[in-house]
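Data block below; observations after.
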């Protein structure tokens, strides 16, 4: 009798401990999310004040509040501040935010689907495929629209999906995706597409500047039209991906285990990869190739949230946005009267991280 009572007490105590742990985890998740959102707003505000024209943080806040209904009448601002903030800096900042969010979430998807810690759109050649498609469209100077997408975005999507399918076919060995084969396949495709883009530049000297733009990445041509398109695609895609975060957790534990609980693994992988390729394509079409964001951010955020994609993806999206806004701000203000490509800044951060990751997972790669 005493033994039964002790077992019942132990089970009850354990359940309470688990519930307390879950409650604490949820509380920490909320706190982390609030901190991340506060940092994001601060990053946007500080970035908007930096540039060739001197705008203080107070001027930025007044300009923003002056556009709000009811309270806007209590704030005064100058026309030059409005033009600089709303026509030049905010479109660029918001586009960088959306690009960072999209690339970070697609990095989570690629690493989950391929069960590969080093998978991301840039390293696997998907971004290069999108850039090649976008370059073709830019050189052909096609201006028509297909559905809600510009032709450049459509060509970029076709290029991204084609490369993604090619990499998948090349890398599969006896039903598995070895890390070394996957990386080498991505490297080979990257080199091949870079050669094709260089060839296009050679035969189209008048388009060299626009083609060069695709190869290094930049937000200097940001506009509210581009922001609207990227917001639509990235927003809907992230919501779709997030809805399947639990299934992605199952896939990370193994295809067979995922199938045993009713996950349609093959169909889900294809859908997630296509949606992720669409996100990468639209980002490349709007801002060129920006590498390593989808590699750095998911790994860094996992240290805070753990491996659960339901917790990982929202934090990765916010962190990716913050990271890319900071990188673009550095690219804008580092040189006087000149601008660095944001892809250079992300590469300076990403390449050392990638090499460290290779060293850390050298047994897996070998």
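Numbering (this note's numbering), first residue to last: 123 to 488. Ideal Cβ placement from N, Cα and C applies to all residues, glycine included.
Report buried or exposed for residue i, applying the criterion of at least 16 other Cβ atoms within 10 angstroms of its Cβ.
| i | result |
| --- | --- |
| residue 244 | buried |
| residue 425 | exposed |
| residue 321 | exposed |
| residue 213 | buried |
| residue 200 | exposed |
| residue 312 | buried |
| residue 432 | exposed |
| residue 190 | exposed |
| residue 391 | buried |
| residue 317 | exposed |
| residue 257 | buried |
| residue 146 | Its pLDDT being 49, under 50, residue 146 is placed unreliably in this model, and the value from its coordinates should be taken loosely. Burial call: exposed. |
| residue 420 | buried |
| residue 427 | buried |
| residue 170 | buried |
| residue 302 | exposed |
| residue 305 | buried |
| residue 375 | exposed |
| residue 348 | buried |
| residue 180 | exposed |
| residue 324 | exposed |
| residue 315 | buried |
| residue 274 | buried |
Between residue i and residue j, is the Cβ-Cβ spacing less than 8 Å?
| i | j | result |
| --- | --- | --- |
| residue 352 | residue 229 | no |
| residue 449 | residue 464 | yes |
| residue 363 | residue 227 | yes |
| residue 251 | residue 308 | no |
| residue 240 | residue 479 | yes |
| residue 234 | residue 446 | no |
| residue 440 | residue 337 | no |
| residue 255 | residue 401 | no |
| residue 249 | residue 341 | no |
| residue 423 | residue 326 | no |
| residue 387 | residue 373 | yes |
| residue 162 | residue 413 | no |
| residue 175 | residue 216 | no |
| residue 399 | residue 283 | yes |
| residue 319 | residue 253 | yes |
Just to check my reading of the structure: residue i and residue j have Cβ atoms closer than 8 Å, yes? What is that Cβ distance to the nearest angstrom?
| i | j | result |
| --- | --- | --- |
| residue 454 | residue 172 | 7 Å |
| residue 203 | residue 177 | 6 Å |
| residue 368 | residue 397 | Not confirmed; about 16 Å, so no contact. |
| residue 209 | residue 437 | Between residue 437 and residue 209 the Cβ distance is about 31 Å, and since that is not below 8 Å, they are no contact. |
| residue 355 | residue 404 | 4 Å |
| residue 476 | residue 434 | Rounded, the Cβ-Cβ distance is 20 Å, inconsistent with contact. |
With a threshold of 8 Å between beta carbons, is residue i in contact with chain D?
| i | result |
| --- | --- |
| residue 210 | Considering every chain present, this structure includes no chain D. It has just one protein chain. |
Let me check you understand the geometry: is the CB of residue i closer than 7 Å to at least one non-hydrogen atom of the ligand FMN?
| i | result |
| --- | --- |
| residue 369 | The ligand FMN is absent from the structure shown, which contains no ligand whatsoever. |
What beta strand (DSSP E) runs, 3 residues minimum, are completely inside the stretch 136-217? none
Ranges of the beta strand (DSSP E) found wholly within the stretch 435-486, counting only runs of at least 3: none
Segments of 3+ residues assigned as beta strand (DSSP E) that fall wholly inside the stretch 369-444: none
Threshold first: 4 residues or longer. Then list the alpha helix (DSSP H) segments lying entirely within the stretch 242-292, N to C. 248-262
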